[in-house]
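In the UniProt record's numbering, the protein residues as written are 1 to 148.
And the structure:
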């Protein structure tokens, strides 16, 4: 479910067209649950607007969002290039979920190192010794990076 929430929070895929309607509704419900109930202290009060001659012609005013469903509905109606400025709780959730590493590259790197160490010439290495060699190799690599 966490991966689906992260996919929903990515603006290009927020429509979740790859999921069934039931799964979409479940993801939206989970996002509303993660955002939590509205708290008046969480809603940031905007600074006083600058007065301009063009203000009287402005048709678009920022709306105050009070409920999690309101934030999600507003997010769904936004384009992919809009920012999450008016959606404080959804922005916090996006920062928390989208910063997670969603790749297997570090584990693949370890398997690759183990493959280089454990070859036909070193077929008698015990798992304990192999583990130690991989660990020492990673520590040495980090030490070299710190020195440079």
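C-beta atoms are modelled at their ideal positions from N, C-alpha and C, and glycine is treated no differently.
| request: Select from 12, 11, 28, 17 the residue whose C-alpha is nearest the C-alpha of residue 1. | output: On the chain shown, residue 1 is found 1 positions in, with the first residue counted as 1. Checked all of 12, 11, 28, 17; the closest Cα to residue 1 is 28.
| request: Can you say whether residue 140 is buried or exposed, counting buried as having 16 or more other CB atoms within 10 angstroms of its CB? | output: Locating residue 140 in the chain shown gives position 140, where the first residue counts as 1. Exposed is the call here.
| field | residue 95 (DSSP reduced to helix, strand or coil) | value | Position 95 of the chain shown holds residue 95. Residue 95: helix per DSSP, three-state reduction.
| request: Take residue 3 as the anchor and find which of 98, 25, 147 has the nearest alpha-carbon. | output: Locating residue 3 in the chain shown gives position 3, counting from the first residue. Of the candidates 98, 25, 147, the one whose C-alpha sits nearest the C-alpha of residue 3 is 98.
| Leaving out the 5 sequence neighbours to the left and right, which residues in its chain are closer than 7 angstroms to residue 134 when beta-carbon positions are compared? | For this step, residue 134 is matched to residue 134 along the chain shown. Contacts found: 110, 113, 114, 117.
| query | What do you get for residue 93, buried or exposed, if any count of 16 or more other CB atoms within 10 angstroms of its CB means buried? | reply | The sequence position of residue 93 within the chain shown is 93, counting from 1. Its Cβ being crowded by 16 or more others within 10 Å, residue 93 is buried.
| query | Between the Cα of residue 11 and the Cα atoms of 25, 95, 34, which residue gives the shortest distance? | reply | Within the chain shown, residue 11 is the residue found at index 11, counting from 1. Closest option to residue 11, Cα to Cα, is 95.
| request: Report yes if the CB atom of residue 5 is closer than 8 angstroms to the CB atom of residue 72, and no otherwise. | output: Numbered from 1 along the chain shown, position 5 holds the residue referred to as residue 5. Numbered from 1 along the chain shown, position 72 holds the residue referred to as residue 72. No, Cβ-Cβ distance for residue 5 and residue 72 is not below 8 angstroms.
| Helix, strand or coil at residue 104 [DSSP, three-state] | Counted from its first residue, the chain shown places residue 104 at position 104. The answer is coil: DSSP assigns residue 104 none of H, G, I, E or B.
| message | For residue 74 and residue 105, I'd like the C-alpha separation in whole angstroms. | response | Looking up residue 74 in the chain shown gives position 74. Looking up residue 105 in the chain shown gives position 105. Answer to the nearest angstrom: the Cα atoms are 35 angstroms apart.
| If you follow the alpha helix (DSSP H) that residue 127 is part of, which residue opens it and which one closes it? | Walking along the chain shown from the start, residue 127 turns up at place 127. 127–147 is the extent of the alpha helix (DSSP H) around residue 127.
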